[in-house]
Each structure stands twice: as structure tokens, then as C-alpha cells.
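Sequence lines, in order, name chains A and B. Residue 290 in our numbering is what sits at position 290 of the first sequence, and the numbering runs on without skipping anything. Residue 1414 in our numbering is what sits at position 414 of the second sequence, and the numbering runs on without skipping anything. Even glycine gets a Cβ: it sits at the ideal position worked out from N, Cα and C.
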Amino acid sequence: MSVYESKSNKKSQFFQFVLSFIFILLTMISLIPILHIIAISFSSKRPILSGSVTVFPVGFNTEAYTKVLSNSNFIGSFLFTILLTAGFTALSMCLTILAAYPLSKKGLKGKGIIMTLFVITMYFDPGIIPKYLNIKSLGLIDTVWSLLLPGALSAYNLIILKSFFMGIDNSLYEAAYIDGCTEFKALFKIAIPLAIPAIATLSLFYAVSRWNGVSDVLYYISDSNLFTVQLKLKQMIDAIIISQKEGTSVVNLVAENIKSASIVFSMVPMLIAYPFIQKYFTKGIMLGSVKG
Amino acid sequence: MKKKLVSTLSLLLAIVLLVGCGKSASKGEESTKEEESTKEVIRSEKGEDKEAPVELNVMIWDRGNAAPGTTAEDNTTSKFIQESVLEECNVKVNFVPVPRSGSNDKVNVMMAGGNAPDIVFSYSRNLFGDYAKKGGLTDLTSYVDEFGSQLKETLGEEILSIGVIGGKQYAIPAKRDTQKIRHAGYIRKDWVEALGKELPKSKQELIDILYEFKEKDPGKVGDKLVSWAMGGNQDTEKYFLNFVGSYVDMSNEKDQYIYTENIKAVHPSAKEGFKVMNKLYNDGIIKEDFPIDTNDDIYKQDITNGYAGFILEDNMRPIDQHWIEALVSNVPEAEFVAINVLEDPNGKLITPADPLHGMYIMVPSVSEKKAEAAIKYLNWLANTENSMKVMFTPDYTTDENGVPIAISRDELDEQGYAGTPNDFTIVTQYWSYSGNKDALVSEWLSTYPFLSKEYFESFYDAVTSGLYTEPVLQEILESETKYLANLDKLIIEFAYKSIIADPSNFEKTYEEEYNKLIQAGLQEILDERAAYYDNNVAK
Chain A
1 MSVYESKSNK KSQFFQFVLS FIFILLTMIS LIPILHIIAI SFSSKRPILS GSVTVFPVGF
61 NTEAYTKVLS NSNFIGSFLF TILLTAGFTA LSMCLTILAA YPLSKKGLKG KGIIMTLFVI
121 TMYFDPGIIP KYLNIKSLGL IDTVWSLLLP GALSAYNLII LKSFFMGIDN SLYEAAYIDG
181 CTEFKALFKI AIPLAIPAIA TLSLFYAVSR WNGVSDVLYY ISDSNLFTVQ LKLKQMIDAI
241 IISQKEGTSV VNLVAENIKS ASIVFSMVPM LIAYPFIQKY FTKGIMLGSV KG
Chain B
1001 MKKKLVSTLS LLLAIVLLVG CGKSASKGEE STKEEESTKE VIRSEKGEDK EAPVELNVMI
1061 WDRGNAAPGT TAEDNTTSKF IQESVLEECN VKVNFVPVPR SGSNDKVNVM MAGGNAPDIV
1121 FSYSRNLFGD YAKKGGLTDL TSYVDEFGSQ LKETLGEEIL SIGVIGGKQY AIPAKRDTQK
1181 IRHAGYIRKD WVEALGKELP KSKQELIDIL YEFKEKDPGK VGDKLVSWAM GGNQDTEKYF
1241 LNFVGSYVDM SNEKDQYIYT ENIKAVHPSA KEGFKVMNKL YNDGIIKEDF PIDTNDDIYK
1301 QDITNGYAGF ILEDNMRPID QHWIEALVSN VPEAEFVAIN VLEDPNGKLI TPADPLHGMY
1361 IMVPSVSEKK AEAAIKYLNW LANTENSMKV MFTPDYTTDE NGVPIAISRD ELDEQGYAGT
1421 PNDFTIVTQY WSYSGNKDAL VSEWLSTYPF LSKEYFESFY DAVTSGLYTE PVLQEILESE
1481 TKYLANLDKL IIEFAYKSII ADPSNFEKTY EEEYNKLIQA GLQEILDERA AYYDNNVAK
């Protein structure tokens, strides 16, 4: 008996070791490219060109960051983009919740038609020029609204949240209605608190999409005060590549260097936000809400 | 918890609403201020009995490199232009920033939306031809005749004619700096000298030297040696075009019109060139596995680490991308010099040169009323002295060769000058000293101090000898609009596959890949170009 036990212990220890090894390997696989990019952003020109930078900077310097930061109003557009992202996320979440909640309820009249209308937007895209004409005739060109309104509601996220609301046990609502709860109260006191994990995830989706969005800024905005960070970073990278082709030397830097610094910059806000949202991903959802 | 969430959400919403309002409010203020200043100008000028200035919106590229505290459309350079043009031409210029990357897309949507600036530009001949054919552009012929005397003088008949389609001047093509060959060869001079030889003077000498590089390893780099380094970039034909093109006899004028740029690589005679490259590849002269180096990373490393003996590149790229600088700091004795030795079958050096013209400057048809002001503005820019003031700051000083003395980037930033003044000097970048060897050498020396005077003197000789300017068709061919973009990629694939084919399979691979090109519309392009030549040029 004891022999068998120790064998199985050894076996499970070995298994543990293999598992740890695999997970460390997987972590490294995703971590090393990021470290490589950070290393390049701090390295000097020669080692980058010779390909000798791995995960540690060679010829340490902060020139790429100075270049990115000294760019015209970079800090200004950084703050603007953070505000824009926060505002967009808040606006989008309000719209998504207010649309998903009623659609999750049984007995809403015209539910099928409304859903179909939402779903159509997932399959058909009008294309750039009709969109531009639309935005133009709404008078939104060169305003912050052209960056907020067109993408404010994603049908995909709406469906996710709707399904999530539908998963909430009906007896919870019934209990609330019996105690004299209104629909609004039911939404704010029952549905939203229970859907926090989903709301946190979708907020992250919205935030990331706004933070990384470039093309709408490119098309709708002709005022450099309203350019977002991502557009500016893209300009900086492309400026180097394009100027190589045009033969106009712009900066005394290797493109890889600035590109890496830009990637680090665009990762930072999401890296900061993620730990605060992460706890909602792991938390149980309906734990202990219905008993007996 | 719930309350917190709700209140946070509503707070954020309130903030965004406020930000939105704040932005629009401040914009409103700005526009009223602008109106006021316009009125003032009119008032002050009424005193002098002058007409109110015409407002002209001009596109400007935003490369995200404006000096701190300035923008691409509002800086010391733009103010200098605005003041000078208002005074001299009575035109009030407003600059409209368009991000450089994605610029064609943005111009496209603005043209479709009918709110493009009064002056737009693009490097794409396809885009220009498309607008011209669909009636999107103003015919500038009469305006140039009336208000564009300086334009005519600076650009000359040859360049202006490139902006003509169907007999109408739909665009003003820009004039570029000193013409150089488009792709140049670079070779390790120190290796050649270590072999006890002189720089090659012909294609055959070059090939012999490449074999000797491999056999004798003059740089002592061992098995990392690459006699002829190439990348696998899918966007450029620079790695093979000049070599295979040198096997084509271009003395027939019709061929000159049909086989321009990358199409030259599919000329039947170019097959001989591919065959030679195929042999070089299979003999281990050309970098093994080059087609999988699609980012050119290994290629760049081979050059900067001193493993590469010879390359074909864009004329100045190894210098202005600091590859040579990195090479010399890795291998101090290295000398990587430009050569231009790929002669044609008649023994003549005709190396394709950069085109004479740059971007196409256009006036949309909805801005026809502004065409007069637009030409007046472009005419002002066409004056070399004006353009040099824009490019090198209004009170620039020159050295003994007439080259403006460079001002450091930091100093320019401090005074708020534009990040890339070239974006303002859209009409001409052919300065008063362009084409002058001594002046250019001294300009390069001040820009790239890590190289010597002798280096640039021989560089100048290499890149300006045997210049061959390809003809430009004064028509936009339908087949080109339809197939050329796709063919550009396919020709590169065709070339790489032919080079790396097994020698016994070369004929088969070449034919197969060539037929793919034919199916992808190559035949239509060749036919339509031939017909164009017969109908327009041969007559």
C-alpha cells in the first residue's frame, strides 16, 4: 500500500513538474517578444541594424522616447485620447446595457425586428465613402463626435451582454417585483450588479477598440488638435519608412527603434488598466444568488 | 458597489459631454477670431485700394514630426508662406493637414465628399488619371498660360507635359532634385583591393569578382560570407531589375514605351538575365533563402555586420539609412562604394533613372473658382529663391558652393520651423545648386559626416552616369488601372521563383510563372501600350 502511495506521489510530482515546465515555456513564448520590443526601444542604432539585440538593450539610450515625447503636443493628444477612450467606453456601455436589458426580457414586442436590425450591421458595411458622406451631412466632420457616435454600439457586444442578462435566473426578478421593484430598479439593482464581469470585459473591448482605432481619425478629422495618439505614432513610424522612399531624410533614427517605443507607449494604458479589471474575470458570477 | 459603478459611469459620461462641448466651443471662438482677422486684413487693404484676398485651402502632409508646440499646418514655415503669398499674390493660404500615411485614402474620401482642399496632391499616377478621367479635376491649361510664367520656366515643357491627359493640363507635376539612377550597385571596395584588383568596370568583371569573393574570402568572414546579398521584400524589384534589365536591348523606341519600370523584367531578353542570376544563385553567390527574408532583416544584418560583398539598392539607401555607418563601426576597414556597371547588350550604360517629376499637384473641379489663386500660389513656389527660403528658412546663408548652411534640428525646433519643409516646397526641389557636383558633394558631406569627400565624389560619378529617363505615357491606360497593382506583386514573385529554381527546371519554372503573369493581365497591358505607341508617338 505504502509503496503504491509513494509511487503515485512521485508520479504526481513528476506530472506537476512537467506542467510547470510547459506553463513556464508558454509564458516565455508570450513574454519574450514583448521584452525584445522593450529592449529594442532602449537600444542604439548600430546593434539594432546588426541584429544583436535580444531581450536586453544594447547600447542603452532613451533617444526614441525623447523623440516620441518631444513630438508636437504628444502629451496633449495622449490625455485627449485617454479622455476620449474613457468617454467612448462610458457612452458605449450605457447604450449597450440599455439596449441589451429589454431585449433579454421575454415578451418585448418587436424584439425580433429590433434584433434583426442590429444583426444586419454585423454583416453589411456601407464602405468608407458612404460613411464619410453620412458623417459629413450630419455635420460631424472635424468634431470629437465623429469619433464617439459611429462606433458607439457594437452589435457583437450587445449580443454577448444580452445573452448574459438572459442567464440571470428569472426568480430573482420575480422576488424583486413582488417587493415592488420597478424595471429600472431591477436593471440597476439586480441585472447590472450580476453582470459586472461581462460589463467589465465588454468595457475592455470597447476601450481597446477606441484606443487602437486609427482609420476614423484619419478620415473624419482634419484638425491636428484632435489627432489621437495612435494616429500620431503611426505617422511617426510611417514618416520614417515613407521618407526613405521619397528620399527625404527626416530623423536620425532607425524605424525599428521608434516603432518599438511606440508599441510600448500604446501598451502602457492597457497594462495599467488590466489588473483592475482582471479580478472581475476570475470572480464567480451567480455565486449564492439563488438558494434552495 | 452598484452605486459606485453607476456614479462612475455617469461621471465619465458627463466628462465626455463636457469635453465635446468644450472642444466645439473653443472651435467656435477660433473661427470667429479668424473671421475678425480676415476682416482686418480687408480693412487695412481697403486703404490701399486692393481687392479682398482670395482664400485658398492647401493640403499639407502631417508626418507627426512638427516641432514642439506647433502643428503641421501652423508653424514658422507656414506663417512665412502665408505672409509672403498674401503680400505678393493677394491670396490667403490656409493649410489643411492630411496624415502622410493613408494620404491617398483621405484625399479620395474628401474628393468624393466634395470638401477636398483647393490644392491636393499625390504621387500616384493612377489616382491622378482616375480623377482626370472622371471629371474630378480642373483643367489648368488656360490658368497656367495666364498666371504661371514662373511655373513654365522652372518646370519646363517636359515635366509639365507629364501632367497632361488628353491634351488638358490636369496636374502640375513637381520637379525633383538632381536626377540619379534609381537603383545603384554597392560593392566592398576593401575586398576588391584585397584581391589585388580594381573596381569592376563591366558586368562580366563584376560577376568574376563575385565568384572570387566566394572562393578567396578576402574579408575573412568564413561561412557567413554572402557574395551578393538580397532580401525577400515583396514591394520592390530593386534586387534584380537593373541586372536582368541590362540584358534587354532598348534601342527600339517602341520597346522603350512598352517595357518601362518593372515591366522591363518581363521583356523576352530579360530571361537571359534571370538565367544568369539562377546560375549565380545555384553556385552559392546570391544569398541562400533570400525569398523568406521578407522584412529584409537578415539582408540588413549581412550588410552592417560586413558579410555582404555586393548589393543592388535604392540609390542612397545604404548611406541615408546609416547602414554604412553601422558597417564601419563594426568593421573599421570596410568601404562600401556605389558602382554603376551593368551595361546593355550594345555595351552602353543605360541605367533607369529616377523620374524627372515628383507628385501630381491637382485642383479639384469643385474648386474651379480658386484655380486662379491656386496657380498664383504654385507660381510663387516655383520661384527657386522663394522655395529655398521655405526649405532652408527665410534668412539662410550659403557656403562657397552656394549650398545653404545646415541648421541643426534642435535649433529649427526651437524656432518652430516645419518638421519636413519639403512638404511645403511641393513644386520644385531643384535648388540653385542642384546638378553641381561640388555643391552636392559638400551638401552630402555635411549631412553624412562619417563619409569622406572622395567617397561622395566617386558616388556622384556612379549615380549620375548612364542616366536613362523612361518615357511617360500621356494617357491613362485602362489595362494599367485594372491590372498593374496586382502585377507589381506577381512580377516580384515571378522573378524570385525564376532565380531560385533548380537549373534543370529553370525553363519550366520561367514559362509557368510567365504564363501566370500573362493570365493576370500582362498581355493586355503590353498590347494597349503598343497600341498607344502606334497611335500617338509613331505618327
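{"Check": "Cβ atoms of I192 of chain A and I48 of chain A: under 8 angstroms apart, would you say?", "Outcome": "no"}
{"Check": "Tell me K1175 of chain B's beta-bridge partners as DSSP assigns them.", "Outcome": "B:H1357 and B:T1428"}
{"Check": "Candidates B:V1276, B:L1412 and B:L1451: which alpha carbon is nearest A1338 of chain B's?", "Outcome": "B:L1451"}
{"Check": "Can you check whether the C-beta of V250 of chain A is within less than 8 angstroms of a C-beta belonging to chain B?", "Outcome": "Low confidence applies to V250 of chain A: its pLDDT is 49, below 50, so where it sits in the model is not reliable, and the reading given next is rough at best. Yes, because at least one Cβ of chain B sits closer than 8 angstroms to the Cβ of V250 of chain A."}
{"Check": "Alpha carbons only, please: which of A:R210, A:P33, A:F227 and A:M236 is nearest the one belonging to M270 of chain A?", "Outcome": "A:R210"}
{"Check": "Assign V217 of chain A to buried or exposed, taking buried as 16 or more other Cβ atoms, counted over all protein chains shown, within 10 Å of its Cβ.", "Outcome": "buried"}
{"Check": "Just to confirm, is the Cβ distance from Y1540 of chain B to A1371 of chain B under 8 angstroms?", "Outcome": "Because chain B in this structure spans residues 1001 to 1539, residue 1540 of chain B falls outside the shown range and cannot be described."}
{"Check": "Can you name, in chain order, every residue of its own chain whose Cβ lies under 6 angstroms from the Cβ of T1260 of chain B, other than the five neighbours on each side?", "Outcome": "E1470"}
{"Check": "Tell me which same chain residues have a C-beta within less than 6 angstroms of the C-beta of F42 of chain A, skipping the five on either side of it?", "Outcome": "P57 and F60"}
{"Check": "What residues from chain B crowd round N71 of chain A, counting only those whose CB sits closer than 8 angstroms?", "Outcome": "G1064, N1065, A1066 and P1068"}
{"Check": "For D238 of chain A, decide whether its Cβ has a neighbour in chain B, counting only Cβ atoms nearer than 8 angstroms.", "Outcome": "yes"}
{"Check": "Among residues of its own chain, excluding the 5 on either side of E1272 of chain B, which ones have a beta-carbon nearer than 6 angstroms to its beta-carbon?", "Outcome": "Y1247"}
{"Check": "Along the stretch 1320-1343 of chain B, where does the CB come closer than 9 angstroms to a CB of chain A? Name the residues.", "Outcome": "D1320, Q1321, H1322, W1323, E1325, A1326, L1327, S1329 and N1330"}
{"Check": "Let me check understanding here. Comparing Cα to Cα, which of B:N1126, B:T1351 and B:T1236 lies closest to L1490 of chain B?", "Outcome": "B:T1236"}
{"Check": "With 8 angstroms as the threshold, decide whether the Cβ of G51 of chain A is near any Cβ in chain B.", "Outcome": "yes"}
{"Check": "Counting only beta-carbon atoms, is Q1301 of chain B nearer than 8 angstroms to chain A?", "Outcome": "yes"}
{"Check": "So which residues of chain A does N1115 of chain B contact, with C-beta pairs closer than 8 angstroms?", "Outcome": "K136 and I141"}
{"Check": "For Y1433 of chain B, which option in B:K1106, B:N1282, B:M1388 and B:A1308 has the closest C-alpha, if you only look at C-alpha atoms?", "Outcome": "B:M1388"}
{"Check": "Note down the Cα distance separating R1063 of chain B from D169 of chain A, rounded to an integer number of angstroms.", "Outcome": "55 angstroms"}
{"Check": "Where does G1419 of chain B land, buried or exposed, given buried means 16+ other C-beta within 10 angstroms?", "Outcome": "buried"}
{"Check": "Pick helix, strand or coil for W1299 of chain B, following the three-state DSSP scheme.", "Outcome": "Correcting the residue type first, residue 1299 of chain B is Tyr in the shown sequence and not Trp. Looking at Y1299 of chain B - three-state DSSP - the assignment turns out to be helix."}
{"Check": "Nearest-angstrom Cα distance between H1183 of chain B and Y1468 of chain B?", "Outcome": "12 angstroms"}
{"Check": "Should the stretch 255-275 of chain A be called in touch with the stretch 178-193 of chain A, which here means at least 3 C-beta pairs below 8 angstroms?", "Outcome": "no"}
{"Check": "Residues of chain A with a CB under 7 angstroms from the CB of A1072 of chain B: which are they?", "Outcome": "S224"}
{"Check": "So that I know if they touch, is there some Cβ in chain B lying closer than 8 angstroms to that of Q278 of chain A?", "Outcome": "no"}
{"Check": "To be precise: take each residue of the stretch 1452-1468 of chain B, compare its Cβ to all Cβ atoms of chain A, and keep it if any distance is under 7 angstroms. Which residues remain?", "Outcome": "none"}
{"Check": "Quick one: give me the first and last residue of the beta strand (DSSP E) that L1477 of chain B is part of.", "Outcome": "Run containing L1477 of chain B: none; DSSP gives neither H nor E here."}
{"Check": "Leaving out the 5 sequence neighbours to the left and right, which residues in its chain are closer than 7 angstroms to K1497 of chain B when beta-carbon positions are compared?", "Outcome": "T1509 and E1513"}
{"Check": "Assign K1168 of chain B to one of three DSSP states: helix, strand, or coil.", "Outcome": "strand"}
{"Check": "Whole angstroms are fine: how far does the CA of S203 of chain A sit from the CA of K291 of chain A?", "Outcome": "Reliability fails at K291 of chain A, whose pLDDT of 48 lies under 50, so the model's placement of it is uncertain and the value that follows must be treated cautiously. About 30 angstroms."}
{"Check": "In the DSSP assignment, the beta strand (DSSP E) including S1227 of chain B goes from what residue to what residue?", "Outcome": "V1226 to W1228"}
{"Check": "With distances taken between CB atoms, is the gap from A1229 of chain B to A1334 of chain B smaller than 8 angstroms?", "Outcome": "no"}
{"Check": "Could you check how far apart the C-beta atoms of L1155 of chain B and P1364 of chain B are, in whole angstroms? I think they sit under 8 angstroms.", "Outcome": "At roughly 21 angstroms, the Cβ-Cβ gap does not stay under 8 angstroms, so L1155 of chain B and P1364 of chain B are not in contact."}
{"Check": "In the DSSP output, what is H1183 of chain B paired with across the bridge?", "Outcome": "B:D1314"}
{"Check": "Are E1443 of chain B and V1403 of chain B close, meaning C-beta to C-beta below 8 angstroms?", "Outcome": "yes"}
{"Check": "Spatial neighbours of F1240 of chain B within its chain, please: C-beta separation below 6 angstroms, excluding the five flanking residues on both sides.", "Outcome": "A1495"}
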